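**Q** To convert, note that position 182 of the sequence shown is 181 in numbering that gives the first Met the number 0; the numbers rise steadily by one, no gaps.
Quick reminder that beta carbons are idealized off the backbone N, C-alpha and C, glycines included.
On a predicted model such as this, the values are computed, not experimentally measured, just so you know.
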Amino acid sequence: MLRYVLRRFLLLIPMVLAASVIIFLMLRLGTGDPALDYLRLSNLPPTPEMLASTRTMLGLDQPLYVQYGTWLWKALHLDFGISFASQRPVLDDMLNFLPATLELAGAALVLILLTSVPLGIWAARHRDRLPDFAVRFIAFLGVSMPNFWLAFLLVMAFSVYLQWLPAMGYGGWQHIILPAVSIAFMSLAINARLLRASMLGRRRSASRHLGASARPERQTDRTSPHPAQCLAADDHRRGDAHRRTDWRDDDYRKHLCLAGRRALCGVGDF
């Protein structure tokens, strides 16, 4: 387990570096001038002299690899610079919003665990029935619907029309419901579908050892595209293997004889 964690952590380092390079290049090569934006947010006149001094102060007059190296060195020392919006250190803003972020992430995680597990079990126990179809439809919506679009629909339904929950702000538990649902919905749908498939696969895997006659009827009436069920169906096709062994051997040996390998066959096979 420790080796697995260390290996995943080592793989995370190049991924974070690659993501930082891509984001850095997208921001630098995109449209707009950071020096001009900085002066506008600071309510300073964007004269040519001010633009030149601001570019020098921000290091924008240096090559891209020098800018990235400087930013990476400062980021490793938790120096993320000054925010354009708040004119405060970025680390202070991150620490200021960290409690709300952890609270929202914790609420979404609890919602995922409390809903995906019962839904997956419920769908597996009622396979190919109305509860199963409902859970699979919810899973389809969760996978196909973006989080921002779901959040917009939730705000329009529960904040604008019904006026049950607040649309923005932070303070009470009412403000966490809509963001937590919009964040957790996709993971909830995926986990419920995976749990359903895992339970059905285990039921099929366990039923293989009971024999075709001892299997419950509701487990063998219809098939599902789960891999474990495909294995169970293959076992079911082999249920009368002992009865057909002689026929298969004879057919195989005749095939060899017709192919010209008469040395492997007896005279009685013809």
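How would you write the range of the alpha helix (DSSP H) that T55 sits in, first residue to last?
**A** Taking the first residue of the sequence shown as 1, we reach residue 55 at position 56. Segment 47 to 57, the alpha helix (DSSP H) holding T55.
**Q** Taking Cβ positions, are G141 and F184 nearer each other than 7 angstroms?
**A** The residue you call residue 141 lines up with position 142 of the sequence shown. The residue you call residue 184 lines up with position 185 of the sequence shown. Result yes, Cβ atoms of G141 and F184 sit closer than 7 angstroms.
**Q** Any idea what DSSP makes of P62, helix, strand or coil?
**A** On the sequence shown, residue 62 is found 63 positions in, with the first residue counted as 1. The answer is coil: DSSP assigns P62 none of H, G, I, E or B.
**Q** Relative to the C-alpha of L193, which candidate in L118, G105, H174, L90 has its C-alpha closest?
**A** Along the sequence shown, read from residue 1 onward, the residue named residue 193 stands at position 194. Comparing Cα positions, the closest option is L118.
**Q** Give the DSSP bridge partners of I81, in chain order.
**A** Taking the first residue of the sequence shown as position 1, residue 81 is located at position 82. Under DSSP, the beta-bridge partners assigned to I81 are P88.
**Q** Can you tell which of L77, T100, P98 has its C-alpha closest to the C-alpha of L90?
**A** Within the sequence shown, residue 90 is the residue found at index 91, counting from 1. Here the closest residue by C-alpha is L77.
**Q** Hey, is the stretch 163 to 181 in contact with the stretch 120 to 140, meaning 3+ C-beta pairs nearer than 8 angstroms?
**A** No: the two stretches stay apart, fewer than three of their Cβ pairs being nearer than 8 angstroms.
**Q** With a threshold of 6 angstroms on Cβ separation, who are the neighbours of M93 within its own chain once the five nearest residues in sequence on each side are excluded?
**A** As a working note, residue 93 is residue 94 in the sequence shown. Closer than 6 angstroms at the Cβ level, and outside the excluded window around M93, lies no residue.
**Q** I'd like to check one pair, F83 with L50: are the Cβ atoms closer than 7 angstroms?
**A** Counting from one through the sequence shown, the residue named residue 50 turns up at place 51. Counting from one through the sequence shown, the residue named residue 83 turns up at place 84. No, the pair does not count as a contact, with Cβ atoms beyond the cut-off.
**Q** T53 and Y37 - do their beta-carbons sit closer together than 7 angstroms?
**A** Translated into positions along the sequence shown, residue 37 becomes position 38. Translated into positions along the sequence shown, residue 53 becomes position 54. A contact, by the Cβ cut-off of 7 angstroms.
**Q** What residue from R6, A17, I182 has the CA that sits closest to F151's CA?
**A** Against the sequence shown, residue 151 aligns to sequence position 152. Minimum Cα distance to F151 is reached at I182.
**Q** From what residue to what residue does the alpha helix (DSSP H) around W148 run?
**A** In the sequence shown, the residue the question calls residue 148 occupies position 149. Residue range 146 to 153 is occupied by the alpha helix (DSSP H) that includes W148.
**Q** Any idea what DSSP makes of D127, helix, strand or coil?
**A** Locating residue 127 in the sequence shown gives position 128, counting from the first residue. When secondary structure is reduced to three states using DSSP, D127 falls in the coil class, being assigned neither helix nor strand.
**Q** Check whether the Cβ of L140 lies closer than 7 angstroms to any Cβ atom in chain C.
**A** Reference to chain C is not applicable here, since this structure consists of a single protein chain.
**Q** What would DSSP say about L26, mapped onto helix, strand or coil?
**A** Counting from one through the sequence shown, the residue named residue 26 turns up at place 27. Three-state DSSP puts L26 in a helix.
**Q** In whole angstroms, give me the CA-to-CA distance for R87 and I81.
**A** Position 88 of the sequence shown, counted from the start, is the residue given in the question as residue 87. Position 82 of the sequence shown, counted from the start, is the residue given in the question as residue 81. Near 5 angstroms, if we compare the C-alpha coordinates of I81 and R87.
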